[in-house]
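Asks: Chains as they are written, first to last, in the numbering used here: chain A, 1 to 265; chain B, 1001 to 1734; chain C, 2001 to 2163. Beta carbons are placed, not taken as given, at the ideal position from N, Cα and C, and that holds for glycine. Every value quoted in this text rests on a predicted model; they were computed, and no experiment measured them.
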Amino acid sequence: MYATNYHRASSVADAVRLKGTGEETKYVSGGMTLIPTMKQRLAAPSDLVDLRHVAEMKGITVSGGTVRIGAATTHAEVASSAEIKAACPALSHLASLIGDPHVRHMGTVGGSVANNDPAADYPSAMLALGAMIVTDRRRIAADDFFTGLFETALNEDEIIVAVEFAAPEKAGYSKFPNPASRYAMTGVFVAKSASGVRVGVTGAGSDGVFRHSGMEQALAGNFSPDALSGVTTDPADMLSDLHGSAEYRANLVNVMARRAVAAAT
Amino acid sequence: MQFDKPATTNPIDRLKVVGQPVHRIDGQLKATGRAKYAYEWHDPNVPYVYGYPVGAAIAKGHIVSMDVSAAKEAPGVLAVVTALDVGERKKGKFNTAKLFGGSEIQHYHQAVAVVVAETFEQARAAAALVRVEYAEEIGAFDLKDAMKTAIKPKDVGGAPPDTAVGDFDGAFKAAPVSFDATYTTPDQSHSMMEPHASIAVWDGEALTIWTSAQMIDWWRSDLATTLDVEKEKIHLMSPFIGGGFGGKLFLRADAVLAAFGAKAARRPVKVALPRPFMVNNTTHRPATIQRVRIAAEHTGKITAIGHESWSGDLPGGQLETAAMQTRLLYAGENRMTAMRLATLDLAEGNAMRAPGEAPGMMALEIAMDEMAEKLDIDPVEFRIINDTQVDPEKPERPFSHRDLVSCLRLGAERFGWSDRGRPASRREGNWLIGLGVAAAFRNNLLVPSAARVRLDHEGVITVETDMTDIGTGSYTIIAQTAAEMMGVPIEKVVVRLGDSRFPVSAGSGGQFGANCSTTGVYAACVKLREAIAQKLGFNSEDATFENGEVRSGNRSVPLAEAAGSEGLAGEDTVEWAKLADSHQQSTFGAHFVEVGVDIATGESRIRRMLAVCAAGRILNPITARSQVVGAMTMGVGSALSEELAVDVGRGFFVNHDLAGYEVPVHADIPHQEVIFMDETDPYSSPMKAKGIAELGLCGVSAAIANAIYNATGVRVREYPITLDKLIGGLPDVT
Amino acid sequence: MSKMHIKLTVNGKPVELLAEPRELLIHVLREELSITGPHIGCETTHCGACTIDMDGRSIKSCTVFAAQANGANVTTIEGLGTPDGLHVLQTMFKEHHGLQCGFCTPGMITRAYRLLQENPDPTEEEVRFGMSGNLCRCTGYQNIVKAILAAAAELNAVKEAAQ
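#1: Step through the CB atoms of chain A and report whether any lies within less than 8 Å of the CB of Tyr1037 (chain B).
#2: Which of helix, strand or coil does DSSP assign to Ile1377 (chain B)?
#3: I believe Asp1456 (chain B) touches Glu1679 (chain B) by the beta-carbon criterion, under 8 Å. Please report the beta-carbon distance rounded to the nearest angstrom.
#4: Taking only beta-carbon positions, decide if Glu247 (chain A) is within less than 8 Å of chain C.
#5: Does Lys19 (chain A) pass the burial test, meaning 16 or more other C-beta atoms within 10 Å, or should it be called exposed?
#6: Using 8 Å as the threshold, is the stretch 1250-1259 of chain B in touch with the stretch 2096-2108 of chain C, meaning 3 or more CB pairs across them?
#7: Would you verify that the beta carbon of Tyr2113 (chain C) is, or is not, closer than 8 Å to some beta carbon of chain B?
#8: Assign Tyr1048 (chain B) to one of three DSSP states: helix, strand, or coil.
#9: Listing by chain order, which chain C residues have their CB less than 9 Å from the CB of Val3 (chain A)?
#10: Would you call Ala260 (chain A) buried or exposed, if buried means 16 or more other Cβ atoms sit within 10 Å of its Cβ?
#11: Does the distance from the CB of Pro2120 (chain C) to the CB of Leu2155 (chain C) come in under 8 Å?
#12: Please return the same chain residues whose Cβ sits closer than 8 Å to the Cβ of Thr1734 (chain B), not counting the five positions on each side in sequence.
#13: When Cβ atoms are compared, which residues of the stretch 1577-1610 of chain B fall closer than 9 Å to chain A?
#14: Under 8 Å by Cβ, that's how I've got Ala1197 (chain B) and Ser1212 (chain B) pegged, so tell me the actual separation to the nearest angstrom.
#15: Would you check if the stretch 1716-1723 of chain B and the stretch 2024-2038 of chain C touch, i.e. whether three or more CB-CB distances between them fall below 8 Å?
#16: Listed from N- to C-terminal order along the chain, which residues in the stretch 1491-1520 of chain B have their beta-carbon within a distance smaller than 9 Å of any beta-carbon of chain C?
#17: Pull up the CB-CB distance for Phe1277 (chain B) and Gly1055 (chain B), whole angstroms please, since I reckon it's below 8 Å.
#18: Between the Cα of Trp1041 (chain B) and those of B:Glu1694, B:Met1609, B:Pro1239, B:Val1256, spot the shortest distance and give me the residue it belongs to.
#19: Could you check whether the Cβ of Gly111 (chain A) sits closer than 8 Å to any Cβ belonging to chain C?
#20: Give the DSSP-derived three-state secondary structure of Trp1219 (chain B) in the structure shown.
#21: Which runs of the alpha helix (DSSP H) fall wholly inside the stretch 1538-1583 of chain B and span at least 4 residues, in chain order?
#22: Can you tell which of B:Leu1658, B:Asn1710, B:Gly1317, B:Gly1520 has its C-alpha closest to the C-alpha of Arg1420 (chain B)?
#23: Who are the neighbours of Phe2103 (chain C) on chain E, taking C-beta pairs under 9 Å?
#24: How about Lys1690 (chain B) and Thr1573 (chain B): do their beta carbons lie closer than 8 Å?
#25: Indicate the three-state DSSP secondary structure (helix, strand or coil) for Phe1260 (chain B) in the structure shown.
#26: Kindly indicate which three-state DSSP category Lys2146 (chain C) falls into: helix, strand or coil?
#27: Identify, in the order they occur along the chain, each residue of the same chain with its Cβ nearer than 7 Å to the Cβ of Ile69 (chain A), setting aside the five sequence neighbours on each side.
#28: Give the DSSP bridge partners of Val197 (chain A), in chain order.
#29: Does the separation of the CB atoms of Thr276 (chain A) and Pro45 (chain A) fall below 8 Å?
#30: Is His1671 (chain B) near Arg1608 (chain B), with beta carbons less than 8 Å apart?
#31: Answer yes or no: does any C-beta atom of chain B fall closer than 8 Å to that of Asn251 (chain A)?
#32: For Leu1996 (chain C), which of helix, strand or coil comes out of DSSP?
#33: Can you check whether the C-beta of Val2064 (chain C) is within less than 8 Å of a C-beta belonging to chain A?
#34: Please list the terminal residues of the continuous alpha helix (DSSP H) segment that includes Tyr1183 (chain B).
#35: On the DSSP letters alone, give me the boundaries of the beta strand (DSSP E) that Leu1723 (chain B) sits inside.
#36: Whose Cβ in chain C lies nearer than 8 Å to the Cβ of Arg52 (chain A)?
Below, the structure written as structure tokens:
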């Protein structure tokens, strides 16, 4: 690994200040993506600002139907949170499927959302739940946040402080994991609320996480797996790699969507 | 000791310790994290520094120039040693690819330099600063292309590449039912948990090296050759080894780099190969293309059986002997086998657990299933109909002991084989359910093995042999053997392994380790018994060793007393004479598998597995069972997920780590059962045991493939059986 | 890069050391502190051989900088039991033959230790999923699962007896 400097931020403001100090400073939270990337020398930050100890970025609150999850909350905490299990069990379920127990103990919501890996789980939930990504300076709707593979609307030094969403009436998540990495080969999050049905798909799209408008329309009138029978997913928009062809992924999107709807509570 | 006659009754037959479910004697050390593996031979007084390898970035060609100036100036760097610095080296006897030295590049990630620094991260960072200019040449990386120019080697490990009996072509054409199909198996990675690692310490011309070697003497000899030092000057140790599966049979680059690095830095140096090097720098099981042809009468009697196999390796390398078992497994008057070697410029192909039989059975045992279906005969019965008690190529040569039929019958009964239905006939919710069977077969190999056994004044027996324990349980079965032979409780036995100062053993490989190394210990114990009897004036023939005493007539003497203050020792080597020529020695079994295949995604899940094994005397049912269960699990990976993907343009394995090479995890493996046939084989050794560790793998993947076919009606002949190969043939869900 | 002053509690003992910011916790444990029970198997956060317990959570110490762990309470296999005083998990791994080559074993047991705190009475399936971050290439997992279930039963029996 290349040499780097380490700073531990005590507050969000402190983190932003520290971000300005080095030549190429990166925020690190759980480090579950960044550290392996650094080992492979695909990233060589001059400085790291550790966000894991920022109190403002921690904790889960549910009030008046609004769920707020601090960005430094780990996947394990989301998976085991009684509040989240009550407000949106599909999200607990999603968190419980990420990586393995060790990864869930370190990895954080904010890190996953900010990294926007095309096979990460959270972005699909953020899209489907119509979440707001709350940063140190603004609120960004999930629809505007995920802009492409590993790309987001965040500015260079902007920090995600929390994610917020209204608890849905019903939601479900179904994922087909890669057997080795446990990343989603396809993951589909469906959420039904007063304003309609939203479907977020991760792991499958060639441009990263996306909303499946065909499915959303089909489910709006009839929120049941059978409503998806006539809906197609175009393989031309799908990823194709060692683990599965575009055609296979297009099939998986439909299968996972049906299972997510069937599982929705 | 010459083992030249079938064994008669001997002290092992008492089975007070041998054959008993004795817990591993190294369990305590391993469960507390105190077993010391190669990379952690910590001596606080030795200031170790760290070597990090640099691998070639091309697959074939030459190094034109190397610039190490930036690396040498990097913080903490003590030495940089390049392949050009050390120049052309003699290659070890057991290596195909050269490990280090000279300008020629034979494969991707061949070691071209080692950077030694004060800390690991300094070495790793500086290694990235080594600049190499290459002259790249066009290589061959695709077996499907290279097989067209494959050659027929002179011999394959002492056996002919081709065999033919009767008139295969004529019989195949004339038969009322015939079958002809081609199967492929991919390149596979041993993927043992411990990466190759070495610590090298020079004292003048003498080298001490801790490493992770299955074969101590092979490594020591080949290291001496590669470094051009006297073998006697090298002290090599591997007391604990974090798995091998064949990946640590032969000298590897970590030992060579550590030795050169330590010489240059004038400090003890430790080098571990990074996980990706384990794939592209070391060895792997080579891919095969296999054609199997079977012809039979309507009764199921095979009249012709043919098996051809193609695999690739670097020039001067070896082929994967995938047709070998077909020479022995089933009857049939007309037969042929042929194996061909293509040139590939990938990393060296070499032995991985059950070389030859593991991929060979993957093909043959699907073919048997397909042929049974064509004949409309139950696949268990089809195999039984074609059992043979003699080598079918040389009928004058019987098997020493062969109980394949009982394995199949008992397994079928225990597994509930009669519940198996027609293909794609059983569904539970989203899951299509199927059962599959395959025979298991692996030869029993015999390798000389020596040991030294000492008795001290406290009555403690110390066994010393350079045998290794790669997880198999060598420590434990050797202790059991010595305890049985000397008539002492196992607590009175100390076993010291994996050290080049000890007598040369069979080592760990080819499932010969257990039988051969314990026989070496048996022979040494016979010598020690003679020494004790002689000292006491007993006739060694009628001396009894029991309860810590030696008894003759009405006189008995405690062993501690017999040892005296000086102690006594016995040392011997077992040599194997011609018994294996007159009698074919093999191990047999049957694998039964139940799978579920998700009708919508094509995902296959194993539901239950059973192996019935006939492998001579089982020296320790706990360690033996664990070997078989572990092998079955490797067979699950081999059937469903394990494949090194070749970049046929650039010439390397792409998925070179555990993020991309998919080995089974806890959640993939369900209920597994193992049954051992109660048998002994007096032709194998005085232990009457045979190998078991590889038998457990041979046939498993085919049983899974056959179960998937039974579940889905989709026949996949290209391993691994991934979802995309199944999905097209599954019934429409909606 | 200047070294950082790092304080840890390792197996109940306070330790202080200097480490570069890029140094991984596993290397500091093994090379600086001679705690070699946790092993390095894959370096890509998959195999779990380097599993330790940090502030009450299982983590893979090959994917955490020592600097991130500054101030943390770390338990390794060495802190769970000794050859003369085995933790019940260690006893069960030994008795149920939940190990072969032993390389994955320290990480396996350390993860199982935390799993049984998270879920003291797991089903077989919960054990298999709870252990999914730890690879073993030798045993086929059967005996590991058995050992963990046996340890859970033993620990629960002891707890009940105490009540």
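Replies: In terms of the structure at hand:
#1: no
#2: coil
#3: Contact flag wrong, Cβ pair sits at about 37 Å.
#4: no
#5: buried
#6: no
#7: no
#8: coil
#9: Inspection of the sequence shows that residue 3 (chain A) is occupied by Ala rather than by Val. Chain-ordered, the chain C residues with CB closer than 9 Å to the CB of Ala3 (chain A) read Met2001, Glu2020, Pro2021, Arg2022.
#10: buried
#11: For the 8 Å CB-CB criterion, Pro2120 (chain C) and Leu2155 (chain C) form a contact.
#12: Note on Thr1734 (chain B): pLDDT 46, under 50, position unreliable in the model; no value is reported.
#13: Asp1598, Ala1600, Thr1601, Gly1602, Glu1603
#14: Between Ser1212 (chain B) and Ala1197 (chain B) the Cβ distance is about 6 Å, and since that is below 8 Å, they are a contact.
#15: In this structure the stretch 2024-2038 of chain C does not lie against the stretch 1716-1723 of chain B, because fewer than three pairs of beta carbons, one per stretch, are closer than 8 Å.
#16: none
#17: 6 Å
#18: B:Pro1239
#19: No, no contact with chain C.
#20: If DSSP states are grouped into helix, strand and coil, Trp1219 (chain B) belongs with the helices.
#21: 1559-1563, 1579-1582
#22: It is B:Asn1710.
#23: Absent here is chain E; the protein component of the structure consists of chains A, B and C.
#24: no
#25: Annotated three-state conformation of Phe1260 (chain B) is helix, per DSSP.
#26: helix
#27: Closer than 7 Å at the Cβ level, and outside the excluded window around Ile69 (chain A), lie Ile60, Val78, Val109, Ala162, Val163.
#28: A:Lys192
#29: Because chain A is modelled from 1 through 265, residue 276 (chain A) falls outside the range shown and cannot be assessed.
#30: Contact flag set, yes.
#31: yes
#32: Residue 1996 (chain C) lies beyond the stretch modelled for chain C, which goes from 2001 to 2163, so this question has no answer here.
#33: At a cut-off of 8 Å between beta-carbon atoms, Val2064 (chain C) makes contact with chain A.
#34: Premise fails: Tyr1183 (chain B) lies in the beta strand (DSSP E), 1177-1185, not in any alpha helix (DSSP H).
#35: Not the beta strand (DSSP E): Leu1723 (chain B) falls in the alpha helix (DSSP H), residues 1723-1727.
#36: Within chain C, the residues near Arg52 (chain A) are Gln2068.
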